[in-house]
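Just so you know, UniProt numbering puts 154 at position 154 of the sequence shown, and the rest follows in order with no gaps.
Using N, Cα and C, we set each Cβ at its ideal position, and we do this for glycine too.
Report on one structure; see the data block that follows.
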Amino acid sequence: MYQDYKNVETVKPGGLDLKDRLVGVQRVTKVTKGGRAFGFSAIVVVGDENGVVGQGLGKSKDVASAIAKGIEDAKKNLVRIPLNKVTLPHEQKGKYAGARVNLLPAAPGTGLIAGGAVRAVLEAVGVHDVLSKSQGSSNPHNVVKATFDALLQLRSAETVAKQRGITLEKLYKG
């Protein structure tokens, strides 16, 4: 699922204390010759609130099993996000379909300034001080994927220094 991104560390769910957050449930309809068939799709985010997060989509004829399937799917897609204590290492933008998300690191004590689907993802990651702006599509599926696009592009200072072949001191002081 995340093969387009470099430096993504996938994580196995064993031994992690994962908490799930339901982002949204939608009733979907399939129109057939015999009438309408109703079902549900649920988008779920799971995370350990310490840098590990995953998102999943579950579909079923009833809400409870759609959510359960979404949780199982999310546990299969866990990734580690580099954090700088309780904020992000740098500003990042993410896009998916018509949704655009901007994430900015914030000073300690600022709090989590985010709404809806972005907030659910950032809470699952374990970020406490961040500013965010969601623009374009407000579809929760697209907003979650745009937030993941931004998070998966984050790199720690250590990673950047290693990729450039320089020391951390040289990275910060130029």
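Check                                                                                                                                                                                   : Outcome
Quick test of your reading: Phe40 and Val25, contact by CB under 8 Å. State the CB separation rounded to the nearest angstrom.                                                          : 6 Å
Helix, strand or coil for Ser156 per DSSP?                                                                                                                                              : coil
Run the proximity test for Ala42: is its beta-carbon closer than 7 Å to any non-hydrogen atom belonging to the ligand SAH?                                                              : Within the structure as shown, the ligand SAH is missing, as the structure has no ligands at all.
Output needed for Arg119: all residues of its chain with C-beta closer than 7 Å, excluding positions within five of it in sequence on either side, in chain order.                      : Leu112
Buried or exposed, going by whether 16 or more other CB atoms sit within 10 Å of the CB of Val46?                                                                                       : buried
Are three or more beta carbon pairs between the segment 135-151 and the segment 102-117 nearer than 8 Å?                                                                                : yes
Exposed or buried, which one is residue 186 when buried takes at least 16 other CB atoms within 10 Å?                                                                                   : Outside the shown range of the chain, which is 1 to 174, sits residue 186, and nothing can be said about it.
Inspect the beta-carbon positions of Gly54 and Ile67 and report whether they are closer than 8 Å.                                                                                       : no
Give every residue of the same chain whose Cβ lies closer than 6 Å to the Cβ of Pro108, excluding the five residues on either side of it in the sequence, and list them in chain order. : Asp129
Counting only runs of 4+ residues fully inside the UniProt domain "S5 DRBM" (18-81), write out the alpha helix (DSSP H) ranges in chain order.                                          : 63-76
Name, in chain order, the residues that DSSP records as bridge partners for Ile113.                                                                                                     : Leu131
Given this structure, state the Cα-to-Cα distance separating Gly126 from Gly35, to the nearest angstrom.                                                                                : 45 Å
Would you grab the beta carbon distance between Leu78 and Val52 for me? Rounded to a whole angstrom, and I think it's under 8 Å.                                                        : 6 Å
Would you call the CB atoms of Leu154 and Ile81 closer than 8 Å?                                                                                                                        : yes
Using the DSSP secondary-structure output, state which residues sit across from Gln92 in a beta bridge.                                                                                 : Leu103
Rounded to whole angstroms, how far is the Cβ of Thr29 from the Cβ of Phe38, which I believe are closer than 8 Å?                                                                       : 6 Å
Would Tyr96 pass as a contact of Asn50 if the rule is Cβ separation under 8 Å?                                                                                                          : no
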